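For the sequence shown, position 218 matches number 872 in our numbering, and the numbering has no gaps at all.
Structure first, then comments.
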Amino acid sequence: MLYLQLFVDGVVSGCAIGLVSISFSYFYSVTGTFHVAHAGIYTLCGYVAWALVAAGAPFIAALMLAVLAGALSGYATQHVLYQRLADRQASPLVMMIASIGLLTVLQNIVAIVFSPNIVQFDMPWRVGHLDIAGVTLSHPQALIALVSIVIFVGLTVFSARTDLGKRIRAIASNAELAEITRLDPKRVFAYVLAISSAIVAVPAVLVGVDQAMQPYTSLIVLLTAVVAMIAGGIGSLPGAFGMSIVLAVIQSLSVALIPGRWSIAAVFGIFILFILLKPEGLFRRRFSRAL
């Protein structure tokens, strides 16, 4: 029963990481920008919701406003930072360094404005739980699993069926041709980062409700999500989401065999094996950023 509980816990954690992974993959696949500041937006959105709940706002309203804050932050980041650097023909390395700088600024702003200490949501329902066939799920865990799957399916359908989704895929396939055909890649890049940042706000808030939050812990979440994205195949949303669950389950089950502080080593060990044996990822046959 212990292993079943650890497996379920891993699946839930994987769903949350999966949202971070697909949101990062969505932007990276379209723009090629390694958006490290995604972890900073993750942190910011979680604390926005926490502050609103602490001020007496209903949780649903706090979650929606955190999603809005994420979308606005993402749009502004692309418009003010990345696009200006791109206009100056900055190299990918310069873009990444700028993103790391923004991550540092966001984390420290959160620490100064809110608190550098661990904080928790003060809501009675967060400590409730469900017992299903001997497996215990907290209410936030059940919500994480359900909402994550809905968002993953929604993003997949959006990408494949809507006009904007098809426009985004066209730009991801060939940005230069998209510029010639007046698909306006600059505007679309800002839309994509807004969408990605809105998505990452959801696990930021829900994981914060389930566990706790601290300004400087989001980077390890992003690194795990990036590992899943690469292992699943860059540009493959199902690959990124699926590998997030696989890696989280492995990390969770490894706790029964090795000390918990070493469990993350299992994830990165698998990542090294993927890089050596199948560098294009499990669900891609060739290197590509196309969605």
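Ideal Cβ placement from N, Cα and C applies to all residues, glycine included.
The structure displayed is predicted, hence computed values, not measured ones.
Contacting residues, own chain, Cβ-Cβ under 7 angstroms from residue i (five flanking each side not counted)
{"i": "Ala-691", "result": "Thr-731, Ser-753, Leu-756, Leu-757, Leu-760"}
{"i": "Ile-671", "result": "Val-875, Thr-878, Ala-879, Ala-882, Ser-898, Ala-902"}
{"i": "His-733", "result": "Ala-844"}
{"i": "Pro-869", "result": "Thr-697, Gln-761, Val-764, Ala-765, Pro-770"}
Range covered by the beta strand (DSSP E) that runs through residue i
{"i": "Ile-786", "result": "783 to 786"}
{"i": "Leu-791", "result": "789 to 792"}
Own chain, CB closer than 8 angstroms to residue i, minus 5 neighbours either side, in chain order
{"i": "Arg-939", "result": "Low local confidence applies: a pLDDT of 42 at Arg-939 is under 50, so the model's placement there is unreliable, and no value is given."}
{"i": "Ile-805", "result": "Leu-673, Ile-853, Val-856"}
{"i": "Leu-706", "result": "Ala-715, Ala-716, Leu-719, Ala-720"}
Candidates the options, of which the one nearest residue i by Cα
{"i": "Leu-739", "options": "Asp-864, Val-842, Thr-687", "result": "Thr-687"}
{"i": "Leu-875", "options": "Tyr-736, Thr-697, Asp-838, Tyr-680", "result": "Before going further, note that residue 875 is Val rather than Leu in the sequence given. When each option's Cα is compared against that of Val-875, the closest is Thr-697."}
{"i": "Gly-782", "options": "Asp-864, Ser-667, Val-900", "result": "Asp-864"}
{"i": "Ile-929", "options": "Leu-901, Ala-885, Gly-896, Ser-908", "result": "Ala-885"}
{"i": "Tyr-680", "options": "Ala-879, Pro-712, Ala-858", "result": "Ala-879"}
{"i": "Ile-763", "options": "Cys-699, Leu-717, Ala-716, Ser-745", "result": "Cys-699"}
{"i": "Phe-678", "options": "Leu-706, Val-804, Val-846, Ile-904", "result": "Val-846"}
{"i": "Ala-723", "options": "Gly-710, Gln-905, Ala-703, Ala-693", "result": "Ala-703"}
{"i": "Leu-891", "options": "Ala-824, Val-807, Leu-907, Ile-849", "result": "Val-807"}
{"i": "Ser-792", "options": "Ala-716, Leu-860, Gly-923", "result": "Leu-860"}
{"i": "Trp-779", "options": "Ile-772, Phe-768, Gly-668, Pro-794", "result": "Pro-794"}
{"i": "Val-666", "options": "Gly-896, Ile-924, Phe-768, Val-767", "result": "Gly-896"}
{"i": "Leu-726", "options": "Ser-745, Ile-695, Gly-710", "result": "Ile-695"}
{"i": "Val-662", "options": "Leu-818, Gly-923, Thr-790", "result": "Thr-790"}
{"i": "Ile-772", "options": "Gly-862, Leu-735, Pro-712", "result": "Gly-862"}
Residues near residue i in its chain [Cβ-Cβ closer than 6 angstroms; skip 5 each side]
{"i": "Ala-944", "result": "Confidence at Ala-944 is low in this model, with a pLDDT of 47, below 50, so its placement is unreliable and no value can be given for it."}
{"i": "Ile-926", "result": "none"}
{"i": "Gln-774", "result": "Ala-866"}
{"i": "Gly-664", "result": "Ala-902, Val-903, Ser-906"}
{"i": "Met-750", "result": "Phe-688"}
{"i": "Thr-685", "result": "Phe-843"}
Run of the alpha helix (DSSP H) containing residue i, from where it starts to where it stops
{"i": "Val-748", "result": "746 to 767"}
{"i": "Leu-719", "result": "713 to 730"}
{"i": "Phe-895", "result": "891 to 908"}
{"i": "Ile-874", "result": "872 to 886"}
{"i": "Leu-658", "result": "656 to 685"}
{"i": "Trp-704", "result": "692 to 708"}
Residue i at chain D interface by Cβ criterion, 8 angstroms
{"i": "Ala-705", "result": "Any reference to chain D falls outside this structure, which holds one protein chain only."}
Beta-carbon gap between residue i and residue j smaller than 8 angstroms
{"i": "Ala-894", "j": "Ile-676", "result": "yes"}
{"i": "Lys-840", "j": "Gln-743", "result": "no"}
{"i": "Ala-693", "j": "Ser-872", "result": "yes"}
{"i": "Arg-823", "j": "Leu-837", "result": "no"}
{"i": "Ala-720", "j": "Ala-855", "result": "yes"}
{"i": "Gly-728", "j": "Ala-919", "result": "no"}
{"i": "Ser-802", "j": "Leu-673", "result": "yes"}
{"i": "Ala-799", "j": "Cys-669", "result": "yes"}
{"i": "Phe-965", "j": "Tyr-682", "result": "Nothing can be reported for residue 965, as the shown portion of the chain is limited to 655 through 945."}
{"i": "Asp-776", "j": "Ala-708", "result": "yes"}
Any non-hydrogen atom of the ligand MG within 7 angstroms of residue i CB
{"i": "Val-734", "result": "No copy of the ligand MG occurs in the structure displayed, which carries no ligand at all."}
Q: Would you check if the region 657 to 664 and the region 805 to 820 touch, i.e. whether three or more CB-CB distances between them fall below 8 angstroms?
A: No, the region 805 to 820 is not in contact with the region 657 to 664.
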